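Here the sequence shown is numbered in our numbering, starting from 32 and rising by one per residue.
A virtual CB, placed ideally from N, CA and C, is assigned to each residue, including glycine.
Bear in mind the structure is a predicted one, so any value in this text is a computation, not a measurement.
These notes concern the structure reproduced below.
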Amino acid sequence: MSPEGHFMGENPAKNHYAQLNQGEENEMEIFGYKTQGCRKALCIAGYILSCGALLLLFYWKPEWDVWANCIRCSLEEADIVLLRTTDEFRIYSRKTVTWISVSALIKSGLDYSAAAEEDSIFSKAIMKPSLQVKIIQVQKIRYVWNIYAKQFQKVGALEDHHTCSAIHAKFGSGLTCNEQNVRRVICGPNTIDVPVIPIWKLLIKEVLNPFYVFQLFSVCLWFAEDYMEYATAIIIMSLLSIFLTVYDLRQQSVKLHRLVESHNNIMVTVCRNKEGCQELESHHLVPGDMLVLKEGKTLLPCDAILISGQCIVNESMLTGESIPVTKTHLPQVDNFKPWRMHCAEDYKKHVLFCGTEVIQTKADDRGVVKAVVLRTGFNTAKGDLVRSILYPKPMNFKLYRDALRFLMCLIAFAAIGMIYTVCVFALNGEEAGEVVKKALDVITIAVPPALPAALTTGIIYTQRRLKKKGIFCISPQRINICGQLNLICFDKTGTLTEDGLDLWGLLPSERNCFQDIHSFPADHSLPWGPVFRAMAVCHSLIVWEGKIQGDPLDVKMFEATHWVIDDSSGHQIEGQGSTRATVVRPGPKASSVPVEGVTILHQFPFSSALQRMSVIAQEIGGEQQVFTKGAPEMVAMLCRAETVPSNFESKLLLYTAQGFRVIGLACKSLQAGKQSTDLTREEVESDLTFLGLLIMENRLKRETKPVLEELSAARIRSVMVTGDNIQTAVTVAKNAGMISPTNRVILVEANKIPGSFSASVTWKPLEENKTEDYGSLEDDSQTERRIRLGLGSGQYHFAMSGKSYQIVAQQFRHLLPKLLLNGTVFARMSPGQKSSLVEEFQKLDYFVGMCGDGANDCGALKVAHAGISLSEQEASVASPFTSRTPSIACVPELIREGRAALVTSFCMFKYMALYSTIQYLGVLLLYWQLNSFGNYQFLFQDLAITTVIGVTMSFTGAYPKLVPYRPPSQLISPPLLLSVVLNILFSLSMQIFGFVVVQEQPWYSKTDIHSACLSMNNHMENSSSISSLGLHGLRDGAYGQTDNGYKSYENTTVWLLSTINCLIVALVFSKGKPFRQPIYTNYVFILVLIGQLGICLFLVFADIDDLYSKMDLVCTPTTWRISMVIMLIVTLAVSFLVEEAVIENRPLWLLLKKTFRYHSKSHYKRLQRALEQDSAWPPLNETFFSDSVAISVEGNMGGHSNPTFDSNEDAL
């Protein structure tokens, strides 16, 4: 019944298959099925006959359940759907289709489509005569069946196709009562409802884990064989482990519940069409409702689009950044683009997000601040975060895949043992029941039941160590991946450099030439003038809780003017009625000025896509003016050419090349009479007058340089991804040591060729000569040669801007990998480009870490293998790791701990594999004589040795120095396998040696277990035989109670050897350097080992009858005891030598790699080797053109193929 069979060839059920959420990260495939009576009856019979085993199998494999119970049909008639994720895991889940009736809400006489808008999903989902809606709910989100499009569609969000004007027109006056009710029934309540899962549910789910089912099987078997003690111990351990897991899950559930319940019920004011406003509880909201935002602080219960007025919002709960954000209303433009496309990157500037807090609202002349509900419930931004915690993406890490393969190997291994057991026992005529028990027993020995628990403990300890160092982790599976990182992307501002910028100077410009520079902190204050006014008003600062709050750059700039913000009340502005506006006035320290203050009438907030912000301001009693500030290149483009100084470029280069952050300022006057609120941003930001450059200093953090040096010494690549200017970024990269002084920087510039679909890309070396005509490119052959020499050794770095990156990614797909291989600085990158860059690096087989401040890096932090956000909040939901100290020192720390955790996992695996194999070999040897270990012997090995070692082995901390290579990434690496195989062989040979040699001893007797010691005591040959006869007579009498058939010389020998062998293996495998601290620093472990060894040696040499009979041991001559110890010492020495001289001998493995010409399969390594041979790379002062075929951008994103490049790729 494989699904592949379903999709190949002729498909009898058409439209059986579709895709859900196409192109989103939770994309799924969906298949329609119909339950069939007779199949269901057969399945129920199967459940009863198999005592529920079939039911359990179906619980683990929902797809088998559906294939067995149902037949395929089109999605339209399906009553059960099967979902499959499209990632590499292909996880199936089963959902039942439900029907919701809306007939009660729609008066039968009135056709609903008349009342509702035609093109909304709500009218398209209602089946006509029955007035029902078909719904499935997947991961908390509802999908309804669209009758016309014949597909399931998300509900709970406004459709994307609305244009800006349509949103204003359609929803500007609110929905009618009827529309609201219908939407409410179809969308469900607006709550992010995370119920606290009842403990019984958690327990059942945990107990039905395949691993615990295996435990249960083992325990039943042991009870049947009277292994009471160990079975009880395993039950207690399992219960403890289940209890801890359930407690942990319950805590998380409660924590999440608390996190979201705060804004599930807030009173909100909603405007209804033709019915005025009314107060509602927020869970009644539906998409399209009209919210009225009151004065004062409010929590937002949903995502909404602001359509009138302005708001200041604290979004720290989403981004972890506590800087208040200004939101403006959606413009009323008449065009046919959907509103999101129209606003491009900046649509977020108009959206108020669920769970954030509105600090203050400012109404415009229309009176109230209004917003249209955009998304409700789990469709909101906050709901998305909660869902990503509830349904985390499964991490594809080789370790877990290998762990399963490893268990499979052990099971295969056990199967061989079972066959052997059945043969031996059956041939010797044991009864069937016993044979089955013994055979099943082999499985429980060969597969260590404590393995998962042991692996988890290692991770838990690491998590605890990280927490002590102020690094919080919300997805512990990723800790092991941190050990593999070999490329880290850093954001610049606030990550590599200090958060606050210091004002360094101001370069005013008048009549198109720059004046003298005014440096801060200066003795004399700035003169009154347009530049001063720009610094006083061109910002989005607010006064909140008595402090000036906002972007640190704005704060510094405003503080330099010594003015204050007076935010007390609405101000009368002639002809506009009362509006809430911010007024700035001279403060007590300010120099005297001719005005009493300036009113900020309107703001166009900073946008990373436009790289600028503007305000419309008015001196009290004066005229209205526009002030703009932003990236100097941007601002200069918006200014009238005659106002921009001719040496603008060279001045800008002069400062950016020294690592200063430069901001351009500009202004213009508005003619009176125009309403400031009616102007579009394009009208306002045009024909400006250039005012000058504001120069800010962005200092490196103290820790930055040493940390980057440590990473590069460890061969971990650092890349800078920033929104700042490219020159500034390159300089910071040089100062921070990302680019060493001797290396060359090559600027890659890509441009679209206007009027055609093609593009060009150019390579220019960045020159370092500090002459006045800065950046002159010497083109003589001398330089060319010098650069070539520098490049030959791979000592060059590419720097590119976000715009160029975008064009290269679309038009020069084949160049992208080559550029990424040596790209170090990516400047002016938008948040979307940041995450795309991280994904491109991952495609080259890099393990990418991303370190940023959590706000605009949200996407990249989530996409990276390990995202670390530096934010004060304990755990920002944005990224798997959060560091409390806002410095990048946490990065090497995390890599160290990750490497240690990875190595610990490997040690644990090796140890568990060997412990179970040693025990397994011992038991199989004894089965040869129809013997086995006694209960207490098993108990001692399983509990006293392995369990204790499993818990304490992981205590070893990380090694403080990062070495320039990474631990192996997979369990199935040659050194690891070799180590396991060799140790198994050593152990096997030692046990067989002991087993065989003991039978050759002169005192050995197969039947009489007292012969050895008695013969020693009496020093008489014949008395031993007499006593043995006597004993045989007495056997059922005196010795009857103590002897349970396990006692024999072989048993004693093999058991003592295998028990101490477990200790030897634990010691040999506990690797210290280079990834972990030396073993002797793990005091607990060392003490445990010494204690266990002491007890074992005591058992070897003691002669206490009671103890021996309890442990099923037999007294042997002292010489044999000593020879056993010698065997163990030899094994220890050999094992240790092999581990040190072969397994951990890195030069040896590197030599082997060289001899066998083994090359790394990583994409980036193959590419590196290809480029080393390519003398024409990197091109300098050259321009490439893309094929001028008119390929649409979307079609081209898939990759632009270059046959010659691809073919020699494959040949490598």
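- When C-alpha distances from residue 971 are compared across 793, 260 and 856, the shortest belongs to 260.
- Note on geometry: alpha-carbon atoms of residue 576 and residue 538 lie some 34 Å from one another.
- Out of 781, 789, 869 and 791, the CA that lies nearest to the CA of residue 836 is found in 781.
- In this structure, 714 is the residue among 1092, 714, 691 and 692 with its C-alpha nearest to the C-alpha of residue 699.
- In the structure shown, residue 1111 falls within a helical segment according to DSSP collapsed to helix, strand and coil.
- In the DSSP assignment, residue 951 falls outside any beta strand (DSSP E) and lies within the alpha helix (DSSP H) extending over 921-958.
- For the pair of segments examined, the segment 212-222 was found not to touch the segment 925-936: the number of CB pairs separated by less than 8 Å stays below three.
- DSSP, reduced to helix, strand and coil, places residue 1139 within a helical segment of the structure shown.
- Going by DSSP, residue 637 is part of no alpha helix (DSSP H) but of the beta strand (DSSP E) stretching over 629-638.
- Look at the beta carbons and you see the segment 718-730 not touching the segment 786-794: under three pairs across the two are nearer than 8 Å.
- In the three-state reduction of the DSSP assignment, residue 675 falls in the coil class.
- Exposure of residue 372 is indicated by the presence of fewer than 16 other C-beta atoms within 10 angstroms of its C-beta.
- Nearest to residue 442 by C-alpha distance, out of 286, 407 and 479, is 479.
- For residue 418, the enclosing alpha helix (DSSP H) has its first and last residue at 412-421.
- In this chain, residue 624 is not harboured by any alpha helix (DSSP H), its DSSP state being neither H nor E.
- Of the residues assessed, residue 668 falls on the exposed side of the cut-off, its CB having fewer than 16 other CB atoms within 10 angstroms.
- The DSSP-derived three-state label of residue 1010 is helix.
- Going by beta carbons, residue 476 and residue 954 fall inside the 7 Å limit.
- Contact between residue 724 and residue 675 fails: their C-beta atoms lie close to 11 Å from each other, not under 8 Å.
- Taking C-alpha positions only, residue 869 is separated from residue 1195 by approximately 14 Å.
- In the DSSP assignment, residue 665 falls within the alpha helix (DSSP H) that extends over 663-669.
- Residue 841 places its beta carbon 7 Å or farther from that of residue 774.
- The count of Cβ pairs closer than 8 Å, one atom from the segment 184-196 and one from the segment 63-76, stays below three, leaving the stretches out of contact.
- Counting the other Cβ atoms within 10 Å of the Cβ of residue 950 gives 16 or more, which makes it buried.
- Listed in chain order, the non-local C-beta contacts of residue 215 below 8 Å within the same chain comprise 315 and 317, local neighbours out to five positions each way being set aside.
- About 6 Å separates the Cβ atoms of residue 1107 and residue 990, confirming a contact at the 8 Å cut-off.
- With a contact defined as Cβ atoms closer than 8 Å, residue 985 and residue 492 qualify at about 5 Å.
- For residue 778, the CB contacts under 6 Å within the same chain, skipping 5 residues up- and downstream, are 795, 797 and 830 in chain order.
- Here residue 98 carries a helix assignment [DSSP, helix/strand/coil].
- Per DSSP, reduced to three states, the secondary structure at residue 215 is helical.
- Of the candidates 1019, 1029 and 1079, the residue whose Cα lies closest to the Cα of residue 1039 is 1079.
- Straight-line spacing of the CA atoms in residue 852 and residue 768 works out to 18 Å.
- In this structure, residue 580 sits near residue 355, with a CB-CB distance shorter than 7 Å.
- CA-CA distance, residue 1158 to residue 1125, rounds to 17 Å.
- When only Cα atoms are considered, residue 411 and residue 285 end up about 21 Å apart.
- In this structure, the beta-carbon distance from residue 467 to residue 456 does not fall below 7 Å.
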